[in-house]
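Residue numbers (the working numbering), protein chains in the order written: chain A, 151 to 450; chain B, 151 to 450. Here the structure comes first, spelled out in structure tokens, and everything after it is commentary.
2 protein chains.
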Amino acid sequence: MMIVRDVQQLRAALASRRRAPGTGIEKKVGFVPTMGYLHEGHASLMRAAREQSDIVVLSIFVNPIQFGPGEDFESYPRDEERDAAVARREGVDILFIPTVEVMYPQPTRTKIRVSGLTDRLCGASRPGHFDGVTTVVAKLFNMVQPDYAFFGMKDAQQVAVLQQMVTDLNINVQIVPCPIVREHDGLALSSRNVYLSEEEREQALVLSRSLREAHEGISQGQMATVGELRSFLEAGITSVPLARIDYVEILTFPSLQPLKAEERLDDIKEDVIAALAVFFGKTRLIDNMRLEKAEVLSHV
Amino acid sequence: MMIVRDVQQLRAALASRRRAPGTGIEKKVGFVPTMGYLHEGHASLMRAAREQSDIVVLSIFVNPIQFGPGEDFESYPRDEERDAAVARREGVDILFIPTVEVMYPQPTRTKIRVSGLTDRLCGASRPGHFDGVTTVVAKLFNMVQPDYAFFGMKDAQQVAVLQQMVTDLNINVQIVPCPIVREHDGLALSSRNVYLSEEEREQALVLSRSLREAHEGISQGQMATVGELRSFLEAGITSVPLARIDYVEILTFPSLQPLKAEERLDDIKEDVIAALAVFFGKTRLIDNMRLEKAEVLSHV
């Protein structure tokens, strides 16, 4: 595994590996952009990339422009040495670790904005967040020029927003969404889980539990409408004392259109996503469940 | 010359030409994005591209999202057959002529915005114009993936804005600015010149004449400050009855920072641009003169 820290090195490392010598055949590049402090969720993305691509590039960059004032940019957990070990173990070929100065040598005047999809969910709670995400991901795409890019479905809105950007701007990359990875007890993996106290960690299980129970409830015909699903989730979450709801939203996916409370889940023509953001102390956790159209129809 | 009309055809045509067979050496692609109705200004860009690149791509697309309401999107002059003949004559390899549906198969939710540089000059007169330009040029860059892209200095602000975008987003292309091409009598070439009546055409010469005289005046030490230069230009332009000034601006280039009236031209550390936008009837013409730092110093 090669570790590179600036853009020229990265481009040169890719150029020399991309072309299979003699054959003229171009190898496929799989890219996993992360903010580091890697966990099994990231590892699953690297494995998907390893399986689907000839060359695997992992980037680690805590991107200041996607954090709002008062958010955890400064304190976001970092551990380069451990991250490099994980990347090596998962067969990453090129690990790109730029500094803020490498990514933003001058204050950036250029922003990419995806409207519509970004004004709900985390976009509403974190104004400007997704402009920072789309801008940095476009920069990384322009540096790596990958064939495939792998993102976890825990950040479902991020997947929807990036897919929209890639389509709208004709970026020549295939976005590959990968399933949420959970601890054995159900907690969705997140680098921010380290912030949780033991008690918060225990109570945070309510997120995955509520989603799982909602899924069962839908399959068993115990709830039929958007409003019933939302109420069920809200009731579940507020049953634990430390949970403070940021949002509980039922939307179409990937278009993220809001749904009326009285709409029946089986009348909706698109996939549906139930998305949660909940504070435990100062730590904001997200989780979600996607109800695929076929699934809703077969269960209800 | 191959004419292609959709994105897959374009990518395929480029892929097959880019690799020199057997050698593994990648050919350089030069790109000239235009709105068509080609004139000698465009031809000079194609010649620069021909000289500097192995493969020359020309695009013709009248981009609706860079026109404001009430502007001339519908009436913008178009002549595909003549344009194709010009492109063929200038040695273009691939002519890309997409429809609006090819460029925007769904309403675009993604906009690229370069702040700071776009709120003056044409950006102030034409709100949203440069968001449309940067967005469509990024799309075209993602389709063509050129090594070089050629733009005329008549749209000096466009050159500055696109250079900023390319730097900020790490787009792997070199922007090549090319000199303004003029008629024998000095009028800067523009597809919009066809809108002018004979009388307007005659009076529009005031733009290039005022810039030329200003240049002489500076060399001869007849004006020293930003304010004097601006007044000289305004007096020249308003001396013809049909001219209606949109703006006369003296700014740094390429950072497009405003300058105080009392600033001495020879004290300014950057290149300076004098930029004009003037209506003749309904037709808005632009022209400009760049005073390179070395030039100002040597003359004053």
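Every residue gets a Cβ at the ideal spot worked out from N, C-alpha and C, and that includes glycine. Quick caveat: nothing in here was measured; it's all calculated off a predicted structure.
ask   = chain E beta carbons: is any one of them nearer than 8 Å to that of Thr258 of chain B?
value = Looking at the structure shown, chain E is missing, and the protein chains on hand are A and B.
task = Could you tell me whether any Cβ in chain A is nearer than 8 Å to the Cβ of Val450 of chain B?
result = Stepping through the second sequence from its first residue, residue 450 of chain B is reached at position 300. Reliability fails at Val450 of chain B, whose pLDDT of 41 lies under 50, so the model's placement of it is uncertain and the value that follows must be treated cautiously. Chain A contact via Cβ: absent.
request  = Would you grab the beta carbon distance between Tyr105 of chain A and Pro227 of chain A for me? Rounded to a whole angstrom, and I think it's under 8 Å.
outcome  = Lying before the first or after the last residue shown, residue 105 of chain A is absent from chain A, which here runs from 151 to 450.
task = Look at the alpha carbon of Met185 of chain A and the alpha carbon of Glu349 of chain A, and state the distance between them as a whole number of angstroms.
result = Residue 185 of chain A sits at position 35 when you count from the first residue of the first sequence. Residue 349 of chain A sits at position 199 when you count from the first residue of the first sequence. When rounded, the distance between both Cα atoms is 26 Å.
query = DSSP three-state call for His449 of chain B: helix, strand or coil?
reply = In the second sequence, the residue the question calls residue 449 of chain B occupies position 299. Since pLDDT at His449 of chain B reaches only 47, below the 50 mark, its modelled position is unreliable, and the value read off the structure follows with that caveat. In the displayed model, His449 of chain B falls within a helix according to three-state DSSP.
message = So if DSSP puts Arg200 of chain A in a beta bridge, which residue, or which two residues, is it bridged to?
response = As a first step, residue 200 of chain A is located in the first sequence; it is residue number 50 there, counting from the start. For Arg200 of chain A, which the question treats as bridged, DSSP gives no partner whatsoever.
query = So, helix, strand or coil for Val252 of chain A, using DSSP?
reply = As a position in the first sequence, residue 252 of chain A is number 102, starting the count at 1. DSSP places Val252 of chain A in helix when its eight states are reduced to three.
query = In chain A, which residues lie with their C-beta within 8 Å of the C-beta of Gly266 of chain B?
reply = Your numbering for residue 266 of chain B matches position 116 in the second sequence. Per Cβ cutoff of 8 Å: Arg259.
ask   = Do you know offhand how far Glu378 of chain B's Cα is from Ser194 of chain B's?
value = Here residue 378 of chain B is taken as the residue at index 228 of the second sequence, counted from 1. Here residue 194 of chain B is taken as the residue at index 44 of the second sequence, counted from 1. Glu378 of chain B and Ser194 of chain B: Cα-Cα distance of roughly 33 Å.
query = Which chain B residues sit within Cβ distance under 7 Å of Ala288 of chain A?
reply = Reading the first sequence from its first residue, position 138 is the one you call residue 288 of chain A. Leu319, listed in chain order.
key: Identity of the residue in B:Pro327, B:Glu442, B:Glu363 and B:Gly266 nearest Val422 of chain B by Cα   = What you label residue 422 of chain B is simply residue 272 of the second sequence in a count that begins at 1. Of the listed residues, the one whose Cα sits closest to Val422 of chain B is B:Glu442.
query = For Ser405 of chain B, which three-state DSSP category applies?
reply = Residue 405 of chain B sits at position 255 when you count from the first residue of the second sequence. Coil, per DSSP.
ask   = For the stretch 295-316 of chain A, which residues have a beta carbon sitting closer than 7 Å to at least one beta carbon of chain B?
value = Gln314 and Met315
message = Going residue by residue through the stretch 355-437 of chain B, where are the continuous beta strand (DSSP E) segments of at least 3 residues, counting only ones entirely within it?
response = Entirely contained in the stretch 355-437 of chain B, the beta strand (DSSP E) runs reaching 3 residues are, in chain order, 393-403 and 421-430.
request  = Please determine, among B:Leu435, B:Met373, B:Met315 and B:Pro296, the residue with the shortest C-alpha to C-alpha distance to Glu176 of chain B.
outcome  = One-based indexing of the second sequence puts residue 176 of chain B at position 26. Here the closest residue by C-alpha is B:Pro296.
query = Helix, strand or coil for Lys289 of chain A per DSSP?
reply = Along the first sequence, read from residue 1 onward, the residue named residue 289 of chain A stands at position 139. Helix.
request  = Identify the contact partners of Met293 of chain A in chain B, using a Cβ-Cβ distance below 7 Å as the criterion.
outcome  = Stepping through the first sequence from its first residue, residue 293 of chain A is reached at position 143. Within 7 Å Cβ-Cβ: Asn320.
Nearest candidate by alpha-carbon position, reference Pro257 of chain A, set B:Met315, B:Gly278, B:Ser166 and B:Arg359 = Locating residue 257 of chain A in the first sequence gives position 107, counting from the first residue. Ranking the options by Cα distance to Pro257 of chain A, first place goes to B:Met315.
task = Specify the secondary structure class of Met151 of chain A as computed by DSSP and reduced to three states.
result = Counting from 1 along the first sequence, the entry for residue 151 of chain A is found at position 1. Correct three-state label for Met151 of chain A: coil.
Enclosing beta strand (DSSP E) for Thr260 of chain B [first to last residue] = Looking up residue 260 of chain B in the second sequence gives position 110. It spans Thr260 to Val264 - the beta strand (DSSP E) in which Thr260 of chain B sits, taken as one unbroken run.
ask   = Grouping DSSP H, G and I as helix and E and B as strand, with all else coil, what is Gly282 of chain A?
value = The residue given as residue 282 of chain A occupies position 132 in the first sequence. Helix at Gly282 of chain A.
ask   = Gly336 of chain A to Leu357 of chain A, Cα distance in whole Å?
value = If you number the first sequence from 1, residue 336 of chain A lands on position 186. If you number the first sequence from 1, residue 357 of chain A lands on position 207. Their backbone Cα atoms lie some 9 Å apart in a straight line.
Cross-chain neighbours of Val157 of chain A in chain B, by beta carbon under 8 Å = As a first step, residue 157 of chain A must be located in the first sequence, where it is residue number 7. The contacting residues are Asn320.
ask   = Ile262 of chain A touches chain B at which residues, Cβ-Cβ below 7 Å?
value = Here residue 262 of chain A refers to the residue found at position 112 when the first sequence is read from its first residue. Neighbours of Ile262 of chain A on chain B, chain order: Thr260 and Ile262.
query = Helix, strand or coil: how does DSSP classify Thr268 of chain B here?
reply = Position 118 of the second sequence, counted from the start, is the residue given in the question as residue 268 of chain B. Three-state result, Thr268 of chain B: coil.
query = According to DSSP, what are the bridge partners of Pro183 of chain B?
reply = Working through the second sequence from its first residue, we reach residue 183 of chain B at position 33. Note: Pro183 of chain B sits in a beta bridge opposite B:Ser209.
query = With distances taken from CA atoms, which of A:Gln324, A:Arg359, A:Leu312 and A:Val344 is nearest His334 of chain A?
reply = Taking the first sequence and counting its residues from 1, the one referred to as residue 334 of chain A is at position 184. Answer by Cα proximity: A:Arg359.
inquiry  = Spatial neighbours of Gln313 of chain B within its chain, please: C-beta separation below 7 Å, excluding the five flanking residues on both sides.
reply    = As a first step, residue 313 of chain B is located in the second sequence; it is residue number 163 there, counting from the start. The residues are Ile325 and Pro404.
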